[in-house]
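The numbers in UniProt numbering rise by one with no breaks, and the one at position 53 of the sequence shown is 53.
Ideal placement from N, C-alpha and C gives every residue a C-beta, glycine not left out.
Okay, structure first, notes after.
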Amino acid sequence: MTGPPRELTRSERAAIRRLVTCLCANYDEREKLCLPLDCPCYMLHKWWTGGLCRYFERSVLPVEPALEATLTGNDTSQRQKKCPVCGKLYLPTTSQAYCSDACRTWARRDADKKRKRWIRQHKG
């Protein structure tokens with residue numbers, strides 16, 4: 001984190017809460033506890049930028065690149081890719097070319113159509 005700590009905005013706190021309750025594998029929803037620490041989740045009651053839960057920072061926060069950039073101060077836009085089909089920004093895993101299976105299927109069908117059209121035009 002660069003610069004002095006600042007108070008989180010309401011939307012940032014809501015985004016953190018949503019990520020923790022929906023995606024964090026260490027969060028027990030029934031008991032409302034952090035499983036490894038066996039105490040209330042630190043990230044749910046966070047009001048200031050600064051120290052983050054290591055698991056949250058490494059595994060959950062990259063899902064929201066804009067929030068990650070504001071909390072950590074690191075520019076994550078270099079890791080994002082733009083889907084050539086729908087134009088949506090996403091964080092690729094390995095050499096992922098499309099944001100979803102639906103876009104990948106659509107692109108494959110489109111390429112097949114173009115290839116077949118070219119073959120028909122240049123045949124005999």
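C-alpha gap between T105 and K88, whole angstroms
Translated into positions along the sequence shown, residue 105 becomes position 105. Translated into positions along the sequence shown, residue 88 becomes position 88. Their backbone Cα atoms lie some 16 Å apart in a straight line.
Between the CA atoms of D101 and R58 - distance to the nearest angstrom
Translated into the one-based positions of the sequence shown, residue 58 becomes position 58. Translated into the one-based positions of the sequence shown, residue 101 becomes position 101. Rounded to the nearest angstrom, the two C-alpha atoms are 25 Å apart.
What does the alpha-carbon distance come out to for the pair P36 and E29?
Here residue 36 is taken as the residue at index 36 of the sequence shown, counted from 1. Here residue 29 is taken as the residue at index 29 of the sequence shown, counted from 1. Between P36 and E29, the C-alpha separation is close to 14 Å.
Tell me which residues share the same chain as N26 and place their Cβ nearer than 6 Å to its Cβ, disregarding the 5 neighbours each side in the sequence.
Here residue 26 refers to the residue found at position 26 of the sequence shown. Counting only Cβ-Cβ distances below 6 Å, and skipping sequence neighbours, we find C34, L35, P36, Y55.
Integer-rounded CB distance, given that T49 should sit under 8 Å from R6
Your numbering for residue 6 matches position 6 in the sequence shown. Your numbering for residue 49 matches position 49 in the sequence shown. The Cβ separation is near 5 Å, so the contact holds.
At what residue ranges does the stretch 31 to 117 contain a whole run of the beta strand (DSSP E), taking only runs of 3 or more?
none
Which stretch, first to last residue, makes up the alpha helix (DSSP H) that contains A25?
Position 25 of the sequence shown, counting from 1, holds the residue named residue 25. A25 -> no alpha helix (DSSP H), and no H or E assigned at all.
Does the Cβ-Cβ distance between L71 and L52 come in under 8 Å?
As a first step, residue 71 must be located in the sequence shown, where it is residue number 71. As a first step, residue 52 must be located in the sequence shown, where it is residue number 52. Their beta carbons are under 8 Å apart, which means L71 touches L52 by this criterion.
Apply the 10 Å Cβ neighbour rule to E31 and answer buried if 16 or more other Cβ atoms are within range, or exposed otherwise.
Translated into the one-based positions of the sequence shown, residue 31 becomes position 31. E31 is exposed by the Cβ-count criterion.
Is it true that the CB of Q80 sits closer than 8 Å to the CB of P65?
Position 65 of the sequence shown, counted from the start, is the residue given in the question as residue 65. Position 80 of the sequence shown, counted from the start, is the residue given in the question as residue 80. For P65 and Q80, yes; Cβs fall inside 8 Å.
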